[in-house]
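Enquirer: Note that the sequence shown covers residues -22 to -1, 1 to 472 in mature numbering (1 follows the signal peptide of the UniProt record, and there is no 0). Glycine included, each C-beta is placed from N, C-alpha and C at the ideal position. Take this structure first; my questions come after.
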Amino acid sequence: MHRRGFLAAGLATVLVSQRATAQMKMDNMPGMDMGAAPQGAAVLPEGEALRDLSRLANEADTPGLFKAKLTAESTTARFAEGLDTPILGYNGTSPGPLIEAVEGDRVEITFANRIADEASTIHWHGMPVPADQDGNPMDPVAAGTDRTYSFDLPEGSAGSYWYHPHPHGKTAEQVYRGLAGAFVVKPKADPIPAAYGDTVLVFTDLRLAADGTLPDSTMTDLMNGRVGDHVLVNGQKNPVLTVPFGTKRRFRFYNATNARFLRLSFDGAPMTIIGTDGGLLEAPVAADDILLSPAERLELIVSFEKPGTATLSTLDYDRGWMGAGRPADAGLALFTVNVSETPAEPAPPLPDRLRPIAQFGAPAVSRRFVFTETMTMNATGMEMGFLINGAAFDIKRVDVVAKAGQVELWEIVNKTDMDHPFHVHGTQFQVVEHERGGEISKPAYRAWKDTVNVARGETVRLLLRQDRPGPRMYHCHILEHEQLGMMGIVDVQA
Ligand code: C2O
Ligand code: CU
Ligand code: CU
């Protein structure tokens, strides 16, 4: 039997109860009839003013040093009226506080793990930090203990990074329970006019039970990645920002969901991409819509040219779904901008050139990583596996040995029925090309990235170089897939 057929047949029996749950959720879908909310459904208020993310205050008084404390602990959030939701927060908030530092800074952040009975770590996603400061699963911070992460932000490292837990076997859960935050590294001299502002929008995905709690993940969640019922922006559902017409605004979009693919467009407001995960592009690129797979970031300039309403909403994107209950992808309003009749103050134009991006030389090594999925029956039931080169993650196994400073070509081959956003720790890479059905396509621009979507049936080739020695993780950033084995370790040797 074809594997796809086997999967479908094997799942049919197990998924009956999940299908029923998914069906119930469809009935409870908000936005259909707000007047009479179906009984038991949690209704999230929409249309509140967009709140700024809280900021992590710098406690150092030495210039060039960023010093602070991040405490992970249980707290409650009020998503729906009258319901307290137990979540995990950094310093009491979810998303965690926005960290903003400058190229050249030294960072010393003490992490206090106050999550009951669970180890955690803080991983600095995308950042050029030493391997032993990067919050790997091999370096857990036990419950009730503290550890200080310290690293220097090199010149040229300005970009839109983030931070989240990475403990062995618990990453997916700790992230959907609320632990993730943005870490922006600013350049010393910014080519983007300051008049455009700099607004960080962190997208997270919430599933709320009728009693306000976060339900445990189901079999469907483990297979597809956990997709929630409400996409939140900085913790709010469809918040509103008011701007004068003619405003150009700089946004940093973060996909901090466990598993939701976001294809987005701003109706009536042209978008221009100016940056990716690892900072600015060479030149601005106009975009009608954008695809942000889990863990990816984009920096954009949006022009609000005419008075009225501009809505950021989702478009359809088929990322491959197993079993029943594929969530509605399209037509969700995530964020609303009211463009007032008042004209904006004139602002300088966006420069044509943003910064140079160096090209890699010829690779010294080529490697191939093949994604497959498996399902096995055992005594306790069925187990889904997501594999790289035929193997599931083993925390004690080094999969690849690399040499610091050497350019490598990585070929990521997706032989599964789902898209997988591929991420490598410790460095930024450049995508060379995508290949699907024998057709090769080049990316629309050269860019620094740490996460790239590898669509089903696709091969992505990228160039990268690890400059710092030590073990680094590479994995699918659908966090449930990472947990089910789609991760490996590259040991970088000096
Ligand atoms: Cu966002 Cu292994 O990381
Ligand atoms: Cu990472
Ligand atoms: Cu995956």
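#1: Considering only C-alpha positions, which residue in the set Ala472, Arg434, Val432 is nearest to Gly448?
#2: Mind checking whether Glu274 and Thr429 have CB atoms under 7 angstroms apart?
#3: Among Arg230, Ala336, Pro132, Ala136, which one has its Cα closest to the Cα of Ile268?
#4: Suppose contacts are defined by Cβ-Cβ distances below 7 angstroms. Is Val409 in contact with Pro341 by that definition?
#5: Taking 6 angstroms as the limit between beta carbons, can you name the residues of its chain near Phe371, skipping five residues before and five after?
#6: With the cut-off set at 7 angstroms, would you say Gly368 and Asp445 are in Cβ contact?
#7: Identify every residue that forms a DSSP beta bridge with Trp102.
#8: Would you say the beta carbon of Met105 is closer than 6 angstroms to some non-hydrogen atom of ligand 1?
#9: Gly453: beta carbon under 6 angstroms from a heavy atom of ligand 3?
#10: Output needed for Arg(-19): all residues of its chain with C-beta closer than 7 angstroms, excluding positions within five of it in sequence on either side, in chain order.
#11: How is the beta strand (DSSP E) around Thr63 delimited, first residue to last?
#12: Of the residues Met197, Asp176, Asp207, which one's Cα is nearest the Cα of Asp183?
#13: Using the Cα positions of Gly415 and Asn392, report the straight-line distance between them to the nearest angstrom.
#14: Could you check the C-alpha separation between Leu173 and Met353 for me, to the nearest Å?
#15: Would you list, in sequence order, the uninterrupted beta strand (DSSP E) runs of no fewer than 3 residues that lie entirely inside the segment 237 to 299?
#16: Pick from Glu133, Gly286, Gly303: whose alpha carbon is nearest that of Thr314?
#17: In three-state DSSP terms, what is Tyr423?
#18: Determine the DSSP secondary structure at Leu310, reduced to helix, strand or coil.
#19: Just to confirm, are Glu389 and Asn216 a CB contact at a threshold of 7 angstroms?
#20: Please report the residue range of the beta strand (DSSP E) in which Leu200 lies.
#21: Sorry if obvious, but does the Cβ on Ala273 come closer than 6 angstroms to a heavy atom of ligand 1?
#22: Quick check on Ala369: does DSSP put it in helix, strand or coil?
#23: Helix, strand or coil, according to DSSP, for Leu43 in the structure here?
#24: Could you tell me if Gly67 is buried or exposed, where buried requires 16 or more neighbouring beta carbons within 10 angstroms of its beta carbon?
#25: Mind checking Ala50: buried by the 16 CB within 10 Å criterion, or exposed?
#26: With a threshold of 8 angstroms on Cβ separation, who are the neighbours of Gly435 within its own chain once the five nearest residues in sequence on each side are excluded?
#27: CB-CB under 8 angstroms to Thr149, same chain, minus the five flanking residues each way: which ones, in chain order?
#28: Over the uninterrupted alpha helix (DSSP H) stretch that includes Glu386, give me the two end residues.
#29: Between which two residues does the alpha helix (DSSP H) holding Ala150 run?
#30: Counting only runs that start and end within the segment 157 to 215, where is the alpha helix (DSSP H) found for 4 or more residues in a row?
#31: Kindly examine ligand 2 and report whether one of its heavy atoms sits closer than 6 angstroms to the Cβ of His403.
#32: Look up Leu457 in the DSSP assignment and say whether it is helix, strand or coil.
#33: Would you kindly work out how many angstroms separate the C-alpha atoms of Arg155 and Ile467, rounded to a whole number?
#34: May I have the straight-line CA-CA distance separating Tyr139 from Asn236, to the nearest angstrom?
#35: Spatial neighbours of Arg84 within its chain, please: C-beta separation below 8 angstroms, excluding the five flanking residues on both sides.
#36: Assuming Pro118 and His146 are in contact, meaning their beta carbons sit under 8 angstroms apart, how far apart are those beta carbons, in whole angstroms?
Expert: Per the coordinate set shown:
#1: Ala472
#2: yes
#3: Arg230
#4: no
#5: Gly463, Met465
#6: no
#7: Tyr141
#8: no
#9: In the sequence on display, residue 453 carries His and not Gly. False, no ligand heavy atom lies under 6 angstroms from that Cβ.
#10: Its pLDDT being 39, under 50, Arg(-19) is placed unreliably by the model, and the measurement read from it follows with that caveat. Only Asp395 meet the Cβ criterion.
#11: 63 to 68
#12: Asp207
#13: 12 angstroms
#14: Per the sequence presented here, residue 173 reads as Ala, with Leu not at that position. Near 53 angstroms, if we compare the C-alpha coordinates of Met353 and Ala173.
#15: 240 to 244, 249 to 254, 257 to 265, 268 to 270, 275 to 282, 286 to 293
#16: Gly286
#17: coil
#18: coil
#19: no
#20: It is not in any beta strand (DSSP E) - Leu200 instead sits in the alpha helix (DSSP H) that spans 197 to 202.
#21: yes
#22: strand
#23: strand
#24: buried
#25: buried
#26: Asn392, Lys393, Arg414, Gly415
#27: Pro115, His142, Pro143, Leu457, Glu460, Gln461
#28: Premise fails: Glu386 lies in the beta strand (DSSP E), 385 to 392, not in any alpha helix (DSSP H).
#29: 149 to 154
#30: 197 to 202
#31: yes
#32: helix
#33: 26 angstroms
#34: 16 angstroms
#35: Gly42, Leu43, Phe44, Ser128, Phe129, Asp130, Leu131
#36: 7 angstroms
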